[in-house]
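**Student:** Just so you know, the sequences run in chain order E and B.
Under the working numbering, think of the first position of the first sequence as 1, with each following residue one higher.
Under the working numbering, think of the first position of the second sequence as 364, with each following residue one higher.
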Amino acid sequence: MSEKRTCLYDRHVALGAKMVPFGGFEMPIQYTDITSEHQAVRGACGVFDVSHMGEVLVTGPEAERFVQYIFTNDISGAPVGKIFYGMMLHPHGGTIDDLLVYKMGEEKFFLVINAANIDKDYAWISQQAEAFDVTTENQSDYYGQLAVQGPEAEKVTEEVLGLACQELAFYTFKLIEVEGETLIVSRTGYTGEDGFEIYGSHAYIQAAWDKLIDSGRAKPCGLGCRDTLRFEVGLPLYGDELTDEISPIMAGLGMFVKLDKAEFIGKEAVAKQKAEGVAKKIIGIELEGRAIPRHGYEVVADDKVIGEVTTGYCSISTGKSVCMALVDAAYAKLDTPVQVRIHRKLQPGKVVKKRFYDKHYKQ
Amino acid sequence: MEGLYYSESHEYVRVEGEFGYVGITDYAQEQLGNVVYVDMPEEGDEVEAGSEFGAVESVKAASDLLSPVSGEVVEVNAALEDEPELINQDAFANWIIKVKLADTAELDALMDAAAYREATK
């Protein structure tokens with residue numbers, strides 16, 4: 001299978017990035033090393049090429065009613081400029097994708113979806129849209145996207161890119177006119193730090209990337225540290241902590257599922273899970289030693305396999321070996337002793353909160 | 364580095380008398396990036412040429428270690444438990460296990476420095 005390339009591909013190669021396939025794209029996993037890129041985002045500012053993300057525009061008289069029907073969070077009564085995180089579910093409650101919904105107008109919503117799921121999602125959205133008076137448009141090929149992340153992201157975005165973003169609250173966005181096009185700039189990200197995501201044409205994104213790199217004030221950061229950063233603050237990755245089989249309730253993301261709103265796909269299934277409990281849950285585990293738990297490794301308790309690791313690392317910010325894992329719900333209580341099988345040995349640990357490092361968002 | 368024996372999977376063995384010091388090459392550590400954990404066998408374990416005896420791990424992935432020689436592990440490099448990054452600083456000085464060589468004829472199957480340089484060009 002041949003991977004697609006983002007509009008910044010040549011720049012990644014020129015910077016000496018190690019390129020790997022991800023979500024159907026050839027993406028930079030690291031430019032120098034994951035640890036220093038991770039620390040740049042925690043301590044100063046990093047820039048990510050996230051042009052692989054998908055974008056779908058939903059417009060029409062029934063746009064809000066339609067989004068409410070396919071999305072777990074409640075967007076009713078929101079002001080223009082607000083962003084919501086939530087999921088699209090299968091009728092059985094499993095997750096089709098997790099996504100952001102940008103309210104651009106009373107009849108206009110911008111959906112940001114995962115790269116690996118663009119085709120699956122757009123097929124689903126189009127199919128569901130047939131029963132509504134709405135138009136859907138897959139704009140994924142038009143938009144490039146940068147994520148500028150870290151405690152200095154606001155200054156860098158304002159001063160290097162000249163984008164006025166200081167007044168944006170967390171999870172809001174605005175449209176900014178530049179050189180004959182309209183950018184979408186939001187205070188969002190996937191790192192647990194303050195930061196912005198900027199959507200624009202390929203030409204704009206290329207020029208903005210060059211400005212950021214040339215300024216020396218934003219370190220180019222690859223998907224390697226994007227994963228370690230999101231993992232440390234307990235954010236899920238579709239494919240690991242959310243899948244077609246893992247519902248947001250199982251993943252501990254029930255706060256993004258609003259059961260008190262009108263009908264939405266999967267509602268009945270997740271309402272039942274909330275009421276009766278789930279068989280399996282995503283938990284956090286901290287190990288005593290330094291051995292590193294990895295995706296797919298077995299989790300053991302009471303001499304039996306109770307689940308498997310979904311994501312694991314030696315946390316760069318804390319130095320501890322930690323992981324998220326999908327396990328039998330009976331073992332999900334904090335401080336429950338569990339073991340992870342690593343290189344044939346069972347490593348002792350215990351259940352902890354999934355947030356291994358505190359977020360530093362600007363509210 | 365001259366005088367060492369090299370495997371295709373990028374381990375080296377430095378022979379001193381009846382013992383072999385096994386580690387990963389400078390090329391391997393370079394490819395791997397920051398080493399954050401080294402999984403090592405216990406002293407007294409038997410290793411077999413071509414078989415896994417542990418792993419070196421970067422932030423992102425674990426790479427199996429394959430022993431270039433057979434024999435008993437008489438010592439593990441305990442310094443790597445707390446400072447796995449020593450491998451990045453000097454891969455050839457920071458061996459991982461010391462093996463009592465069971466069969467020195469196994470060394471004939473390994474590459475010398477010139478052949479290894481050629482293989483990693």
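Here a beta-carbon is modelled for each residue, glycine too, at the ideal position from N, C-alpha and C.
1) Run through the segment 223-286 of chain E for me and flag every whole alpha helix (DSSP H) of 4 or more residues, listed as ranges in chain order.
2) Note down, in chain order, all residues in the segment 420-435 of chain B with a beta-carbon under 7 Å from any beta-carbon belonging to chain E.
3) Applying a beta-carbon distance threshold of less than 9 Å, which residues of chain E neighbour asparagine 397(B)?
4) My guess is that proline 61(E) and glutamate 107(E) are in contact by the Cβ rule of under 8 Å, so how many angstroms apart are they, rounded?
5) Skipping 5 residues on each side, what residues in its chain have a beta carbon closer than 8 Å to that of lysine 261(E)?
6) How would you write the range of the beta strand (DSSP E) that glycine 43(E) sits in, first residue to last?
7) Are the CB atoms of alanine 330(E) and isoleucine 282(E) within a distance shorter than 8 Å?
8) Note down, in chain order, each residue of its chain lying with its Cβ closer than 8 Å to the Cβ of glutamate 374(B), except the 5 sequence neighbours on either side.
9) Tell me, to the nearest whole angstrom, how far the beta carbon of arginine 226(E) is from that of phenylalanine 48(E); I am working on the premise that it is less than 8 Å.
10) Could you please give the first and the last residue of the uninterrupted beta strand (DSSP E) stretch that includes tyrosine 390(B)?
11) What's the C-alpha gap between isoleucine 246(E) and glutamate 268(E)?
12) Could you give the DSSP three-state label for isoleucine 316(E): helix, strand or coil?
13) At what residue ranges does the segment 72-147 of chain E contain a whole run of the alpha helix (DSSP H), taking only runs of 4 or more?
14) Work out the CA separation of glycine 239(E) and valine 299(E) for me, nearest whole Å.
15) Using only alpha-carbon positions, find the residue among Leu470(B), Gln452(B), Val437(B), Met403(B) that is nearest to isoleucine 292(E).
16) Since arginine 377(B) sits in a beta bridge, which residues does DSSP pair it with?
17) Could you name the residues of the segment 406-420 of chain B whose beta carbon sits closer than 8 Å to any beta carbon of chain E, in the order they occur along the chain?
18) Measure the Cβ-Cβ separation of tyrosine 102(E) and serine 186(E) and say whether it is below 8 Å.
19) What is the DSSP secondary structure of isoleucine 292(E), counted as helix, strand or coil?
20) When you check each C-beta in the segment 371-402 of chain B against every C-beta of chain E, which residues fall closer than 7 Å?
21) Please list the partners that glycine 312(E) has in chain B, where partner means a Cβ-to-Cβ separation under 7 Å.
22) Apart from the five residues just before and just after alanine 442(B), which ones in its own chain have a Cβ nearer than 8 Å to its Cβ?
23) Checking 8 Å against the spacing of the C-beta atoms, do glycine 381(E) and tyrosine 357(E) come in under that value?
24) What residues in the segment 287-318 of chain E bring their beta carbon closer than 8 Å to a beta carbon of chain B?
25) Counting pairs of Cβ atoms below 8 Å between the segment 146-155 of chain E and the segment 189-197 of chain E, do you hit three or more?
26) Would you say threonine 228(E) reaches chain B, if we count a Cβ-Cβ gap shorter than 8 Å as a contact?
**Tutor:** In short:
1) 223-232, 267-276
2) Glu420, Val422, Lys423, Ala425
3) Asp33, Ile34, Thr35, Ser36
4) 6 Å
5) Gln68, Asp74, Ser76
6) Following the DSSP letters along the chain, one finds glycine 43(E) in no beta strand (DSSP E) but inside the alpha helix (DSSP H) bounded by residues 34-43.
7) no
8) Beyond the five residues adjoining it in sequence on each side, glutamate 374(B) comes within less than 8 Å, by CB distance, of Val385, Gly386, Ile387, Thr388, Ala391, Leu428, Leu429, Ser430, Pro431 in the same chain, given in chain order.
9) 6 Å
10) Premise fails: tyrosine 390(B) lies in the alpha helix (DSSP H), 389-395, not in any beta strand (DSSP E).
11) 15 Å
12) Residue state, collapsed to three classes: coil.
13) 118-129
14) 18 Å
15) Met403(B)
16) Tyr384(B)
17) Gly417, Ala418, Glu420
18) yes
19) coil
20) Under the 7 Å Cβ criterion, the segment 371-402 of chain B contributes Gly396, Asn397, Val399, Tyr400, Asp402.
21) The premise fails here: glycine 312(E) is roughly 10 Å from chain B at the closest Cβ pair, so nothing lies under 7 Å.
22) Leu449, Asn457
23) Since the first residue shown for chain E is 1 and the last is 363, residue 381(E) is missing from the structure and cannot be characterised.
24) Arg290, Ala291, Ile292, Arg294, Tyr313, Cys314, Ile316
25) Touching, yes, given that three or more Cβ pairs across the two stretches are closer than 8 Å.
26) yes
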